[in-house]
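Report on one structure; see the data block that follows.
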Amino acid sequence: SLKMASDSPESLMTLCTDYCLRNLEGTLCYLLDNETLRLHPDIFLPSEICDKLVNEYVELVKTDSIFEPHESFFTLFSDPRSTRLARIHLREQIVQDQDLEAIRKQDLVELYLTNCEKLTAKSLQTLVSFSHTLISLSLFGCCNIFYEEENPGGCEDDCLVNPTRQVLVKDFTFEGFSRLRFLNLGRLIEGVNVETLLRPLASLAALDLSGIQLNDVGFLTQWKDSLVSLVLYNMDLSEEHIQVIAQLRKLRHLDISRDHLSSYYKFKLTRRVLNLFVENLVNLTSLDISGHTMLENCTIPSMEEKMGQTSIEPAKSSIAPFRGLKRPLQFLGLFETSLCRLTHIPAYKVSGDKNEEQVLNAIEAYTEHRPEITSRAINLLFDIARIERCSQLLRALQLVITALKCHKDDKNIQVTGSAALFYLTNSEYRMEQSVKLRRQVIQVVLNGMESYQEVTVQRNCCLTLCNFSIPEELEFQYRRVNELLLNILNQSRQDESIQRIAVHLCNALVCQVDNDHKEAVGKMGFVMTMLKLIQKKLADKTCDQVMEFSWSALWNITDETPDNCEMFLNYSGMKLFLECLKEFPEKQELHRNMLGLLGNVAEVRELRPQLMTSQFISVFSNLLESKADGIEVSYNACGVLSHIMFDGPEAWGICEPHREEVVKRMWAAIQSWDINSRRNINYRSFEPILRLLPQGISPVSQHWATWALYNLVSVYPDKYCPLLIKEGGIPLLKDMIKMASARQETKEMAQ
Numbered sequence: 001s002l003k004m005a006s007d008s009p010e011s012l013m014t015l016c017t018d019y020c021l022r023n024l025e026g027t028l029c030y031l032l033d034n035e036t037l038r039l040h041p042d043i044f045l046p047s048e049i050c051d052k053l054v055n056e057y058v059e060l061v062k063t064d065s066i067f068e069p070h071e072s073f074f075t076l077f078s079d080p081r082s083t084r085l086a087r088i089h090l091r092e093q094i095v096q097d098q099d100l101e102a103i104r105k106q107d108l109v110e111l112y113l114t115n116c117e118k119l120t121a122k123s124l125q126t127l128v129s130f131s132h133t134l135i136s137l138s139l140f141g142c143c144n145i146f147y148e149e150e151n152p153g154g155c156e157d158d159c160l161v162n163p164t165r166q167v168l169v170k171d172f173t174f175e176g177f178s179r180l181r182f183l184n185l186g187r188l189i190e191g192v193n194v195e196t197l198l199r200p201l202a203s204l205a206a207l208d209l210s211g212i213q214l215n216d217v218g219f220l221t222q223w224k225d226s227l228v229s230l231v232l233y234n235m236d237l238s239e240e241h242i243q244v245i246a247q248l249r250k251l252r253h254l255d256i257s258r259d260h261l262s263s264y265y266k267f268k269l270t271r272r273v274l275n276l277f278v279e280n281l282v283n284l285t286s287l288d289i290s291g292h293t294m295l296e297n298c299t300i301p302s303m304e305e306k307m308g309q310t311s312i313e314p315a316k317s318s319i320a321p322f323r324g325l326k327r328p329l330q331f332l333g334l335f336e337t338s339l340c341r342l343t344h345i346p347a348y349k350v351s352g353d354k355n356e357e358q359v360l361n362a363i364e365a366y367t368e369h370r371p372e373i374t375s376r377a378i379n380l381l382f383d384i385a386r387i388e389r390c391s392q393l394l395r396a397l398q399l400v401i402t403a404l405k406c407h408k409d410d411k412n413i414q415v416t417g418s419a420a421l422f423y424l425t426n427s428e429y430r431m432e433q434s435v436k437l438r439r440q441v442i443q444v445v446l447n448g449m450e451s452y453q454e455v456t457v458q459r460n461c462c463l464t465l466c467n468f469s470i471p472e473e474l475e476f477q478y479r480r481v482n483e484l485l486l487n488i489l490n491q492s493r494q495d496e497s498i499q500r501i502a503v504h505l506c507n508a509l510v511c512q513v514d515n516d517h518k519e520a521v522g523k524m525g526f527v528m529t530m531l532k533l534i535q536k537k538l539a540d541k542t543c544d545q546v547m548e549f550s551w552s553a554l555w556n557i558t559d560e561t562p563d564n565c566e567m568f569l570n571y572s573g574m575k576l577f578l579e580c581l582k583e584f585p586e587k588q589e590l591h592r593n594m595l596g597l598l599g600n601v602a603e604v605r606e607l608r609p610q611l612m613t614s615q616f617i618s619v620f621s622n623l624l625e626s627k628a629d630g631i632e633v634s635y636n637a638c639g640v641l642s643h644i645m646f647d648g649p650e651a652w653g654i655c656e657p658h659r660e661e662v663v664k665r666m667w668a669a670i671q672s673w674d675i676n677s678r679r680n681i682n683y684r685s686f687e688p689i690l691r692l693l694p695q696g697i698s699p700v701s702q703h704w705a706t707w708a709l710y711n712l713v714s715v716y717p718d719k720y721c722p723l724l725i726k727e728g729g730i731p732l733l734k735d736m737i738k739m740a741s742a743r744q745e746t747k748e749m750a751q
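Under UniProt numbering, the residue at position 411 of the sequence shown is numbered 411, and the numbers go up by one with no gaps.
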């Protein structure tokens, strides 16, 4: 019943369902008294649509953190005259007693309640209202559904002393469930008498008693003419159990598998037991004996075993008892048994740990109800993806995504699944993955980061995000991914490696994106977070990747974004700049990143007065002579000063250094640069440079701007010529050539 991650486009039905659920008020419903959802009176929906609405709703609440659950959602389906339900699958904490109670008038045919721990015995009573129509019922993992609250004494004061006690309900049975054929009672609470509970059922076809301990299963023979599927996973078996099973001649699917780590286990599978099954259960198409220890040799001699082409013909079977099968089994579960490594296994699908196919079959078969087995199977897949190449990549990815979605709160699955995703999404597999599938990977990775503060999960998730094109592929979850990364970086205790990856991702996310994105991220506290990281590194006197990436991220996020530039100044960014310059005089990358950022600040007219101090101007002037990172540091220092000069002599509010002296040093610096320098810089717009052309107040600023344009269009013509034309640079250059105040060498360069 699990919804598999899919790679094909969504159906129109799915898209409409999703849209309606996210916009209930604007589509199917209105708000009564500003709080209760009510269905519009003219809406009538058949079960095909209602089932999908309910099942998708459960899926959204579980896997989409942005989706808000509605208190009164299930009441929309309370009246069968306007909404019909037939087959619904509800999971986990999403469902409470009052939700089932709300839909009690519906004629349900199929009701799956999986791990719904909030349901109590009140819901058992609600089930009775579906008894005349229900064909399929699962109560798997609903561990409190047989408990009711007992209120001792019934007096008000006493209740404060004695809180309500949980009491096991003993008198409930499936009396009156005349059509019930399929029943899953997996992980039923101890103390419930299964035999009494089930006795009223006339003809059961499928029964799942996973994880229940029953010494006597003789009562199962009452359905020997109807039972086609029996699951006894993790039940302690004995000879008596085997004899009863052998009488259930109609069985097509038998699962007696176990988790070999769960407990000490006396029973051993023998050749005789397997022979008994093959002889008596002649309709068997699926058998699961995973996790069992074989007591005596069930295999044929190894010389014979290795011979010939791999075959699924029963006559050639390496497992001796299966030579008696009439035809190969559809499925054979051999996970964590020695038998899965044999050559000739008479089944079309085998779960095991021998190769990729067997491991994927195991993940597929056990994900929904056996996370403890699934996490070990995913671990094997992780090894395959890491060491060899996955041959069924698409299937592997879909299975891991499905497992991560289904078990959002299972730490083992989150750790192994996120690690496997890292290897399954790396570049060698890139071509085989659709946009839709890669988006699903991003969704489950972000879910993992949200649910787990655990270091391994966080690291795996961050590493997996690095396999994507950033920011393009993360654009559809832009806010969320930034919030999660900033959250990681704001934690007081930090793992070095995660910090490094998270800062790298933050930097990539604000590189080459629109200004509204940068503004939004700035409002989330991005600038403050980066400055705190820089502060910490300064205190440790370390200039590492985190320090460099943090400055680079600030450079990116302030690009043409005045609000973020202002935040940088308000949070003592300039103080940190000076301290870093002093502490790390030799770090070229660092200097380049810091000056790139200050170039952005200097482009904002209202903020320039804050840069107008003797200390800052002296620092910028001295950096004109820097040879760090080719011309980049000198170029950026000159850019900062060019914008300051552009405000004219009256804005020069300091005595030292003199404006003329700084201008002279700027000319000298520009003349020392090689005009064909290859650049370590990326312009999205020339607007801040172009505004320095049509003015006569600062010829040196005009010259710096012309030099910048000349260098970029001559070294990178394909990229920058179209940009210059698009932004109207040509007429500005032509006009400047006619200006009297412009220097001759500037005009020649412009020409």
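For glycine and all other residues, C-beta sits at the position ideal for the given N, C-alpha and C.
#1: Beta carbon of T63, beta carbon of N412: below 8 Å?
#2: Tell me which residues share the same chain as F174 and place their Cβ nearer than 7 Å to its Cβ, disregarding the 5 neighbours each side in the sequence.
#3: Please report the residue range of the alpha helix (DSSP H) in which F568 lies.
#4: Pick helix, strand or coil for Q392, following the three-state DSSP scheme.
#5: Given a threshold of 16 other Cβ atoms within 10 Å of its Cβ, counted over all protein chains shown, does M303 qualify as buried or as exposed?
#6: Note down, in chain order, each residue of its chain lying with its Cβ closer than 8 Å to the Cβ of T613, except the 5 sequence neighbours on either side.
#7: Which residues mark the beginning and the end of the beta strand (DSSP E) in which residue 771 is found?
#8: Short of 7 Å in beta carbon distance, which residues of its chain neighbour D51, apart from the five on each side in sequence? Order them along the chain.
#9: On the premise that I312 lies in contact with Y348, defined as a C-beta separation below 8 Å, what is that separation, rounded to the nearest angstrom?
#10: Which same chain residues, not among the five before or five after K224, have their C-beta less than 8 Å away from its C-beta?
#11: DSSP three-state label for K349, please.
#12: Consult DSSP for T173 and reduce its assignment to one of helix, strand or coil.
#13: DSSP on S11, reduced to helix/strand/coil?
#14: The alpha helix (DSSP H) spanning G191 covers which residue range?
#15: Can you tell me which of the three DSSP states A102 falls into?
#16: In chain order, what residues of the same chain have a beta carbon less than 7 Å from the beta carbon of L486, not counting five sequence neighbours either side?
#17: Quick one: what's got a C-beta closer than 6 Å to A705's C-beta in the same chain, skipping five residues either side?
#18: What is the C-beta distance between L204 and S226, in whole angstroms, given that I count them as a contact (C-beta under 8 Å)?
#19: Using the beta-carbon count (16 or more within 10 Å), is S714 buried or exposed?
#20: Is N162 buried or exposed, if buried means 16 or more other CB atoms sit within 10 Å of its CB?
#21: I need the straight-line Cα distance from D353 to A377, nearest angstrom please.
#22: In chain order, what residues of the same chain have a beta carbon less than 6 Å from the beta carbon of D559, not counting five sequence neighbours either side?
#23: Following the continuous alpha helix (DSSP H) through G333, name the residue where it begins and the one where it ends.
#24: What separation, rounded to the nearest whole angstrom, lies between the Cα atoms of L424 and Q93?
#25: Output needed for N680: all residues of its chain with C-beta closer than 8 Å, excluding positions within five of it in sequence on either side, in chain order.
#26: What is the DSSP secondary structure of V510, reduced to helix, strand or coil?
#27: The alpha helix (DSSP H) with I245 in it runs from where to where?
#28: What is the rounded straight-line gap between the Cα of C159 and the Cα of E150?
#29: What three-state label does DSSP hand C29 in the structure shown?
#30: In chain order, what residues of the same chain have a beta carbon less than 7 Å from the beta carbon of D563, not counting five sequence neighbours either side?
#31: Per DSSP, what kind of secondary structure is A315 in: helix, strand or coil?
#32: So, for E687: in the same chain, excluding its five sequence neighbours on each side, which residues have a beta-carbon less than 7 Å away from its beta-carbon?
#33: Is it the case that the Cβ atoms of T299 and I319 are separated by a distance below 8 Å?
#34: DSSP three-state label for V433, please.
#35: Quick one: Cα of L53 to Cα of I345, how far?
#36: Can you list, in chain order, the residues of its chain with a C-beta nearer than 7 Å to that of M235? Leave out the 5 residues immediately preceding and following it.
Let me spell this out:
#1: In this structure, N412 does not lie closer than 8 Å to T63 by Cβ.
#2: Excluding positions up to five away in sequence, the list reads L180, L197, L198, P200 and L201.
#3: P562 to N570 is the extent of the alpha helix (DSSP H) around F568.
#4: It is coil, neither helix nor strand.
#5: Counting Cβ neighbours within 10 Å, M303 comes out exposed, since fewer than 16 surround it.
#6: Within the same chain, and ignoring the five residues on either side of T613 in sequence, the residues whose Cβ sits closer than 8 Å to its Cβ are I654.
#7: The question about residue 771 has no answer, for the chain in this structure spans 1 to 751.
#8: Within its own chain, the residues whose Cβ lies closer than 7 Å to the Cβ of D51, once the five positions on either side in sequence are excluded, are L85, A86, R87 and I88, listed in chain order.
#9: With a Cβ gap of about 7 Å, Y348 and I312 count as contacting.
#10: Spatial neighbours of K224 in its own chain (CB-CB distance under 8 Å, excluding positions within 5 residues in sequence) are listed in chain order as Q247, L248, R249 and K250.
#11: K349 falls in the strand class under three-state DSSP.
#12: Residue state, collapsed to three classes: coil.
#13: Reduced to three states, the DSSP call for S11 is coil.
#14: Element bounds for G191: n/a, residue is neither H nor E.
#15: Three-state result, A102: helix.
#16: Excluding sequence neighbours, L486 sits near M524, G525, F526 and T529.
#17: Closer than 6 Å at the Cβ level, and outside the excluded window around A705, lie I689, L692 and L693.
#18: Indeed they touch by this definition, with Cβ atoms about 6 Å apart.
#19: By the 10 Å Cβ count, S714 comes out exposed.
#20: Residue confidence is low: N162 scores 48 on pLDDT, short of 50, so the model does not pin down where it sits. No coordinate-derived value is stated.
#21: The straight-line gap from Cα to Cα measures roughly 8 Å.
#22: Within the same chain, D559 has close Cβ partners N600.
#23: Under the DSSP assignment, G333 falls outside any alpha helix (DSSP H), being part of the beta strand (DSSP E) whose first and last residues are L329 to G333.
#24: When rounded, the distance between both Cα atoms is 31 Å.
#25: So the qualifying residues of the chain are R592, D629, G630 and E632.
#26: Looking at V510 - three-state DSSP - the assignment turns out to be coil, as it is neither helix nor strand.
#27: If you look at I245, you'll find it in the alpha helix (DSSP H) that goes E239 to Q247.
#28: The predicted position of C159 is uncertain, since its pLDDT is 48 and thus under 50; no value can be drawn from it.
#29: In this structure, DSSP gives C29 an extended state, which the three-state scheme calls strand.
#30: Non-local C-beta neighbours of D563 in its own chain, meaning closer than 7 Å and more than five positions away in sequence, comprise E519 and G522, ordered along the chain.
#31: In the three-state scheme derived from DSSP, where H, G and I count as helix and E and B as strand, A315 is classed as helix.
#32: So the list reads E727, once near-sequence residues are dropped.
#33: With a cutoff of 8 Å on beta-carbon distance, T299 and I319 are scored as near each other.
#34: This sequence places Gln at residue 433; Val is not what is there. Coil.
#35: Using only the alpha carbons, I get a separation of about 43 Å.
#36: Apart from sequence neighbours up to five positions away, the residues of its chain that approach M235 with a beta-carbon distance below 7 Å are L209, I212, Q213 and L214, ordered along the chain.
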